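Following UniProt numbering, the numbering of the sequence shown begins with 1 at its first residue and continues without gaps. By construction, the Cβ of each residue, glycine as well, lies at the ideal position given by its N, Cα and C atoms. Model, not experiment: these values are computed from the prediction. Here the structure comes first, spelled out in structure tokens, and everything after it is commentary.
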Amino acid sequence: MNTAHLAFIGTQEIIIIVVIVLLLFGGKKIPELMRGLGRGVKEFKEGQREEPTAEDTDATHTRRNDSINDPR
Numbered sequence: 001m002n003t004a005h006l007a008f009i010g011t012q013e014i015i016i017i018v019v020i021v022l023l024l025f026g027g028k029k030i031p032e033l034m035r036g037l038g039r040g041v042k043e044f045k046e047g048q049r050e051e052p053t054a055e056d057t058d059a060t061h062t063r064r065n066d067s068i069n070d071p072r
């Protein structure tokens, strides 16, 4: 069996997934779920853009040094 074909989702599969989501959550709940998902993605991207502060960098180095000095 060629596993490359398993990664592709066709139109029929997408339609089935949409119908299942509609049945599970209902039409009124989906916009709220998508709004929450969008906010989460936005916050995640903002978190990635933030530069680490000096305190974050010091804490990271301290944890690394502690793990090196602590033979288990």
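Judged by their CB atoms, L33 and F44 are not nearer to each other than the 8 Å cut-off. For F25, the enclosing alpha helix (DSSP H) has its first and last residue at T11 to F25. Boundaries for E51: no alpha helix (DSSP H) harbours it, and the DSSP string shows neither H nor E there. Contact check for I30 and V21: beta-carbon distance about 7 Å, within the 8 Å limit, so the pair qualifies.
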